[in-house]
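Below is one structure, written out as structure tokens; the observations come after it.
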Amino acid sequence: MTDTRVLSLTTRARIAVGIARGVAASVGDHDLTPAHVALGVLRELENPAVAALWRACVPIPVLRWEIEHQLQSEAEHRGPRRQRPGDVILPSTPGEQRMLELASAEARLRNDPYVGTEHLLLAILRDPDTSVARAFARHGVGFESAVTHLQQVFTEESGPPSPHASVGEIQAYIEQNPDSPYGWPMLARKHFWRGDLQAAREAYERLIALDPGWMTNHEYDRETWEQVRGAA
């Protein structure tokens, strides 16, 4: 018989679920979905799931915006829903229960006695056909790659710089890891967001030389590359 009991949540997982409830209430949703939970994890920010995503070179602000835009578009399409009096945050719902059961299953598979944000992330990505899983996939992250990057987080393997790293810190990482592609997209994005299209183009060219398949699996970088290449 399958064990569907929900395990205890870590503090950060509880915070992420609380944020997810607030997100759902803010768009008039009466049940929690994987998209709400994904935003809860991303907005909580200081957790292993987010650490794994930046190791995968996911542009966290872009991913957040895409999921938020998706939720807002769905809300506008269905029209306004009547909110419960005084609702600012959603109470526990069947959707939340289902997400926590799925996350608990991921924890049990790994012999973890608790549910953390890492298990929430894996529960979100387990089904690749959901719209939120496809949002992650556009940035090169699926279930298996998330498992790999989470393992690196928990074994404290060295990884690429933080998303908040300066250009100098990213360049230092690149110098120390000349065969790794991971520093180049971070550097290209930094230059692009600052408006230095020439420097962004050069960084993307170095990335493509190191990993010709990168653009195939990273839609945001592919679109940005097309912009800087067209502006050159």
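For what it's worth, the numbering used here labels the leading residue of the sequence shown as 69, then goes sequentially.
Each residue gets a CB set at the ideal place from its N, CA and C atoms; glycine is no exception.
(message) Would His-286 and Pro-253 be called neighbours here (beta carbons separated by less than 9 Å)?
(response) yes
(request) Would you tell me roughly how many angstroms separate the C-alpha atoms of Val-95 and Pro-159, rounded to the nearest one? (result) 14 Å
(request) Could you tell me the boundaries of the alpha helix (DSSP H) in which Tyr-272 lies? (result) 265-278
(request) Mind checking which residues open and close the alpha helix (DSSP H) that includes Val-296? (result) 287-299
(request) Evaluate the contact criterion for the segment 203-210 versus the segment 228-237: three or more CB pairs, one atom per stretch, below 8 Å. (result) no
(request) Look at the alpha carbon of Asp-279 and the alpha carbon of Asp-99, and state the distance between them as a whole number of angstroms. (result) 41 Å
(message) Does the structure place the segment 162-174 close enough to the segment 198-207 that three or more beta carbon pairs sit under 8 Å?
(response) no
(request) Give, in chain order, every unbroken run of the alpha helix (DSSP H) that is at least 4 residues long and sits entirely within the segment 159-238. (result) 162-177, 185-193, 199-205 and 211-222
(message) Rounding to the nearest angstrom, what Cα-Cα distance links Ala-119 and Leu-188 in this structure?
(response) 14 Å
(request) Taking 8 Å as the threshold, find out whether the segment 132-148 comes into contact with the segment 262-273 through three or more Cβ pairs. (result) no
(request) Pull up the CB-CB distance for Arg-89 and Asn-115, whole angstroms please, since I reckon it's below 8 Å. (result) Not confirmed; about 17 Å, so no contact.
(request) Starting from the Cα of Gly-236, find the closest Cα among Gln-220, Gln-219, Ser-226 and Ala-256 and give me that residue. (result) Ala-256
(request) Give the secondary structure of Leu-113 by DSSP, where H, G and I count as helix, E and B as strand, and everything else as coil. (result) coil
(request) Report the option in Ile-87, Ser-76, His-104 and Val-91 whose CA atom is closest to the CA atom of Pro-181. (result) Ser-76
(message) At the level of alpha carbons, what is the spacing between Pro-249 and Ala-124?
(response) 11 Å
(message) Can you tell me whether Ala-299 is buried or exposed? The criterion is at least 16 other CB atoms within 10 Å of its CB, across all chains shown.
(response) exposed
(message) Which residue marks the beginning of the alpha helix (DSSP H) containing Ala-124, and which one marks its end?
(response) No alpha helix (DSSP H) holds Ala-124; DSSP gives it neither H nor E.
(message) Using only the alpha-carbon positions, how far apart do Val-221 and Thr-72 sit?
(response) 27 Å
(request) Give the straight-line distance between the Cα atoms of Arg-82 and Ile-192, rounded to the nearest whole angstrom. (result) 16 Å
(request) May I ask you to list the residues that DSSP assigns as paired with Leu-107? (result) Leu-107 pairs with nothing; no bridge assigned.
(request) Report the rounded CA-to-CA distance for Val-121 versus Ala-205, giving the unit in angstroms. (result) Note on identity: in this sequence residue 121 is Leu, with Val being the wrong assignment. Their backbone Cα atoms lie some 11 Å apart in a straight line.
(request) Give the straight-line distance between the Cα atoms of Ile-276 and Trp-133, rounded to the nearest whole angstrom. (result) 26 Å
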